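Numbering (my numbering), first residue to last: 9 to 263. A quick write-up on the structure given underneath.
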Ligand code: IPE
Ligand code: IPE
Ligand code: MG
């Protein structure tokens, strides 16, 4: 379905509150143009700006972007260091703009692997924007779904060891509270660009009932119209959460 002008998205209760995106295809975008992969990553930053702008304008509550996976360290050192540099310069150049636009920045992932300087910039960006109330922009950096679950279980075990959680059963709620995404709504819409149809260790727990959307569009080409198309696809689906279609249509159940 073609994208329609979605300026009224915010008034529609069927909109996704949380959109989570695997931004894939930067390397191929550049290679198609006979340019080094790094040029694709730079072009990818522009796409990030457009998508953040769209989400802020249309009152999406949370946008999570997968920027670097716990497995991406396996890439050639030169590409990893280019990505780290780009991460740092983008953070530096964009943070004030995010703040001016009332956007709250949050990082998920194991940041201890990053340089001290980068970790400081990340913490400073979060602190500066922590009270902002428009879009929450979550950047997943050195993130893995397995890591997220391990660190959540680790925190629970440590609390139990010091008697902070006594006789507490392991519940979904307890795990949710200790995941890196604690306090955020679960993703409603998952988008992966670049044509691959896999989750690549992204938000494994949180995606339990997320609607999945795959597109062959390479990330640097993914623009505001592409996002509007994905949202239209999301809105055309019936989410059932285990109920029957009839139950949902009769609105006899709360989803
Ligand atoms: C995604 O694009 C960006 C990161 C993983 C950092 P890729 O770099 O994976 O691009 P392709 O998949 O090789 O085209
Ligand atoms: C997933 O993309 C990670 C990010 C976009 C940050 P990859 O390109 O690393 O995924 P695989 O290796 O093809 O599964
Ligand atoms: Mg890729």
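For glycine and all other residues, C-beta sits at the position ideal for the given N, C-alpha and C. Since the model is a prediction, treat every value here as computed from it, not as a measurement.
Three-state secondary structure (DSSP) at residue i?
i, result
"residue 186", "helix"
"residue 221", "strand"
"residue 115", "strand"
"residue 241", "helix"
"residue 30", "strand"
"residue 150", "strand"
"residue 74", "strand"
"residue 212", "coil"
"residue 99", "helix"
"residue 262", "coil"
"residue 137", "helix"
Given 7 Å as the limit, tell me if residue i has its C-beta closer than that to any heavy atom belonging to ligand 5.
i, result
"residue 203", "Although ligand 5 was asked about, the structure shown includes only ligand 1, ligand 2 and ligand 3 as ligands."
Since residue i is in the alpha helix (DSSP H), which residue starts that stretch and which ends it?
i, result
"residue 47", "45–65"
"residue 120", "Where residue 120 is concerned, there is no enclosing alpha helix (DSSP H), given that its DSSP letter is neither H nor E."
"residue 256", "253–257"
Could you tell me the boundaries of the beta strand (DSSP E) in which residue i lies?
i, result
"residue 200", "197–200"
Would you say residue i touches ligand 1, meaning its beta carbon is less than 7 Å from a heavy atom?
i, result
"residue 93", "no"
"residue 35", "yes"
"residue 227", "yes"
Taking C-alpha atoms, which residue in the options lies nearest to residue i?
i, options, result
"residue 211", "225, 202, 223 and 196", "196"
"residue 27", "69, 44 and 48", "69"
"residue 71", "78, 63 and 77", "63"
"residue 202", "29, 33 and 23", "33"
"residue 50", "188, 60 and 228", "228"
"residue 139", "23, 219, 109 and 61", "109"
"residue 24", "106, 155 and 221", "221"
"residue 5", "120, 82, 105 and 46", "The displayed coordinates of the chain run from 9 to 263. Any statement about residue 5 would go beyond what the structure contains."
"residue 161", "152, 78 and 186", "186"
"residue 93", "135, 46 and 134", "46"
Hey, would you say the C-beta of residue i is under 7 Å away from at least one heavy atom of ligand 3?
i, result
"residue 48", "no"
"residue 32", "yes"
Is it the case that the CB of residue i approaches a heavy atom of ligand 2 more closely than 7 Å?
i, result
"residue 80", "yes"
So, do the stretch 134–154 and the stretch 105–124 have three or more beta carbon pairs nearer to each other than 8 Å? yes
Check whether the stretch 73–80 and the stretch 198–218 touch, using three or more Cβ-Cβ pairs below 8 Å as the test. yes
Three or more C-beta pairs below 8 Å linking the stretch 128–136 and the stretch 97–109: yes
Segment contact flag, the stretch 231–240 with the stretch 49–65, C-beta cutoff 8 Å, min 3 pairs: yes
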